[in-house]
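Chains A and B are the protein sequences, given in the same order.
If you read the first sequence in the numbering used here, its first letter stands for residue 19, the second for the next number, and so on.
If you read the second sequence in the numbering used here, its first letter stands for residue 89, the second for the next number, and so on.
The block underneath contains the structure these notes are about, expressed in structure tokens.
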Amino acid sequence: MKKLIRYCSIIILFSTVFPLNYNLFKNYSTPFLPIERTKLVLEKYFILDSVGIIFGLRKIISDIAWIQLLQYYGSEPYEIDEEESPKDEEHSHYEHMTKIQKGKYKRLLDYFKRVVLLDPLHTLAYFYGIGALAWNVERPQEALELANIGLENLKFQKGDPNSDYWEIFKYQQAIYYKLSGNYGDMLNKLKEIVESGKSPNLVKAILANLYKKYGYYKEALKIWEEILSSGDPEYTERAKIQIYLLKSRCVDG
Amino acid sequence: MKILSLIIFSIKENIKTKFYLVITIFSIFIIFVSLLLKGLSGFEQPQRILVNTGLAMIELFCLVTILLNTAGLLLQDIETKSIYIVLSKPISRSKYIFSKYIGLLCLTLFNIIFMAFIHLIFIKISKWHVTKEYFLTLGTIFLKSGLIGSISLFTVVSMTSQTSAIITSFLLWIMGHFSSELNFIVGKIQTSFLQIILKIFIYLIPNFQYFNIKDYFDSVYFVSKFNIFWGLAYWLVYNSFLILFTMLVFKKKNL
């Protein structure tokens with residue numbers, strides 16, 4: 019009798035496994051793209067990224083990808099597009115940028131795409147990436163591409179007006195203003211982005227430089243002071259210099 | 089009472105292994121690595137790296153410990169013939185397997201609590217906090233570990249080689265994380281017979297991705313989709329099936 023119960027239990031449990039798994043496949047969703055839309059963009063990290071997906075370690079590999087991105091963007095721009103990159107004498111033309119990087123870091127978008135493919139919820143990557151692509155390396159089309167990826171991945175937040183989805187939407191609008199030459203509205207949109215409190219220091223620095231370019235020294239000064247008080251070591255020196263310059267301009271003005 | 093003594097015996101045996109200690113030291117070292125990664129990750133969101141790395145390491149550490157301990161201890165029991173001493177007493181083979189598994193679960197629970205404690209200290213030092221989703225993630229890591237524990241116990245009992253048992257369990261772990269992708273790939277196969285066979289196999293292996301909340305625990309929306317009762321039921325069904333089946337195989341095994 020005991021034996022029979024044991025065999026029956028095994029058979030019942032075994033037959034339960036299939037509908038349970040079927041139900042999971044049908045109804046359970048994760049933030050990750052299905053495999054047919056998963057394209058590993060950087061060949062040299064293919065194995066590492068695959069390990070992250072196969073082993074269920076996407077988040078930690080995404081963090082490593084983020085560090086690799088920062089190292090790429092923080093290193094010398096060895097991948098330079100000669101045709102697009104401005105000559106030294108042209109630099110003054112791009113004085114509104116945080117760094118003169120046009121035509122450089124050709125694979126920057128791929129690095130950002132890699133991070134958000136592994137972790138579609140990595141919102142800082144969207145904010146930082148859109149800002150860097152649109153205003154630092156002057157490739158707004160690529161920035162729009164990243165914004166579209168962000169909007170697609172975060173569409174589940176659409177119902178919340180304070181969500182990161184709508185934050186990316188603001189970035190998208192700012193880029194459209196930039197492309198149409200409507201710099202006033204672009205500035206206002208960037209101001210809105212910075213005031214939301216979710217923007218990285220890179221975007222704040224972009225806005226401060228734009229303010230400076232258009233003669234809003236007090237506003238620029240306020241942002242640089244805010245960046246300085248954040249304690250971000252990457253911006254400390256630059257913030258101090260800008261604050262010194264802007265204070266003197268404010269006095270002159 | 090007999091089962092309780094066996095569980096305690098199983099826990100003691102697990103703790104006695106030197107490998108266990110090496111792994112513990114290694115895990116602490118890895119948490120230090122997460123601190124290093126945190127330093128490299130830039131000014132914004134450095135704590136994210138600390139939390140993610142820590143959780144991933146807790147899980148990997150549990151996986152490695154379970155695979156090696158299960159494979160090592162049972163076969164060691166057979167090799168050193170200590171299993172005969174246990175089984176010569178009026179203890180059934182089923183009780184032996186059951187207590188081995190419960191001992192493994194207790195130790196895994198202790199591991200997770202110990203690791204999480206160290207992890208939380210580091211998080212506290214970094215002046216950050218964790219949400220309730222963090223603890224739910226730890227719970228799912230425990231469930232995953234329990235599941236791979238029963239799988240490895242089954243492979244160890246059914247196979248004679250320690251290496252093949254570890255490799256098989258590890259492959260099932262990978263496939264369990266990759267099952268929805270495998271399902272898509274299998275759907276592309278033209279031969280219908282092969283497709284059916286592979287589909288049955290995919291629906292048979294446990295879906296570890298369901299418990300893999302650590303990859304999106306910062307999204308309340310997706311975490312809320314995880315039903316804890318449904319998850320527990322899923323876990324219980326699989327574990328009961330695997331443990332009962334292991335008992336059956338172990339009963340028939342010539343020792």
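Just so you know, even glycine gets a beta-carbon here, dropped at the ideal spot from N, CA and C.
None of the values given here were measured: they were computed from a predicted structure.
- Look at A:Gly199 here: in three-state DSSP terms it is coil, with no helix or strand label.
- Counting along the chain, B:Thr279 sits inside no alpha helix (DSSP H), nor does DSSP assign it H or E at all.
- Contact between A:Gly74 and B:Asp303 holds, with the beta-carbon distance rounding to 6 Å and staying under 8 Å.
- A:Phe174: not part of any alpha helix (DSSP H); DSSP gives it neither H nor E.
- Under the three-state reduction of DSSP, B:Trp216 is assigned to coil, being neither helix nor strand.
- In terms of Cβ geometry, A:Val134 and A:Asn166 do not form a close pair [threshold 8 Å].
- CA-CA distance, A:Lys216 to B:Lys188, rounds to 51 Å.
- In this structure, B:Ile166 is the residue among B:Leu320, B:Ile166 and B:Phe149 with its C-alpha nearest to the C-alpha of B:Met247.
- In this structure, B:Leu151 keeps its C-beta atom at 8 Å or more from the C-beta atom of B:Trp323.
- For A:Glu244, the uninterrupted alpha helix (DSSP H) run begins and ends at Tyr235 to Ser248, by DSSP.
- A:Tyr232 is positioned such that its CB atom lies closer than 8 Å to that of A:Leu205.
- Between the stretch 35-53 of chain A and the stretch 223-232 of chain B, the count of Cβ pairs shorter than 8 Å is below three; the stretches do not touch.
- Among the residues of chain B, those whose CB is under 9 Å from the CB of A:Tyr40 are Tyr291, following chain order.
- For A:Tyr144, the enclosing alpha helix (DSSP H) covers residues Thr141 to Gly149.
- Proximity of the stretch 191-209 of chain A to the stretch 126-133 of chain A falls short of the contact definition, fewer than three beta-carbon pairs being nearer than 8 Å.
- In this structure, A:Ala152 places its C-beta atom within 8 Å of the C-beta atom of A:Ile193.
- For B:Pro134, the uninterrupted alpha helix (DSSP H) segment begins and ends at Pro134 to Glu167.
- Of all residues in the stretch 41-52 of chain A, only Leu42, Phe43, Tyr46, Ser47, Thr48, Pro49 and Pro52 come within less than 7 Å of chain B when Cβ atoms are compared, listed by chain position.
- A:Pro37: member of the alpha helix (DSSP H) spanning Lys20 to Asn45, first to last residue.
- Looking at the backbone, the Cα of A:Gln191 and that of A:Ser266 are separated by about 34 Å.
- Sequence-ordered contacts of the stretch 118-151 of chain A with chain B read Leu139 and Leu142 [C-beta pairs closer than 7 Å].
- In this structure, DSSP gives A:Phe50 a state outside helix and strand, which the three-state scheme calls coil.
- Nearest Cα to A:Ile29 within the set B:His217, B:Tyr326 and B:Asn342: B:Tyr326.
- Under the three-state reduction of DSSP, B:Gly191 is assigned to helix.
- Looking at the backbone, the Cα of B:Thr168 and that of B:Thr228 are separated by about 35 Å.
- In this structure, DSSP gives A:Lys216 a state outside helix and strand, which the three-state scheme calls coil.
- Within the same chain, Cβ atoms closer than 6 Å to the Cβ of B:Thr158 are found at Ser240, Leu241 and Val244, the five residues on either side in sequence being excluded.
- Among the CB atoms of chain A, none fall inside 8 Å of the CB of B:Ser176.
- Put simply, the CB of A:Gly74 is near chain B, with a gap under 8 Å to one of its CB atoms.
- What B:Leu332 touches in chain A, judged by beta-carbon distance under 8 Å, is Arg24, Ser27, Ile28 and Leu31, going in chain order.
- Taking each of B:Glu132, B:Ile96, B:Gly127 and B:Ile91 in turn and checking the Cα distance to A:Asp250, the smallest one comes out for B:Glu132.
- Residue environment for A:Phe64: exposed (fewer than 16 other C-beta atoms within 10 angstroms of its C-beta).
- At a cut-off of 8 Å between C-beta atoms, A:Glu252 counts as an interface residue with respect to chain B.
- At a cut-off of 8 Å, the C-beta of A:Pro218 has a neighbouring C-beta in chain B.
- A Cβ-Cβ separation of about 14 Å leaves A:Tyr46 out of contact with B:Tyr291 under the 8 Å criterion.
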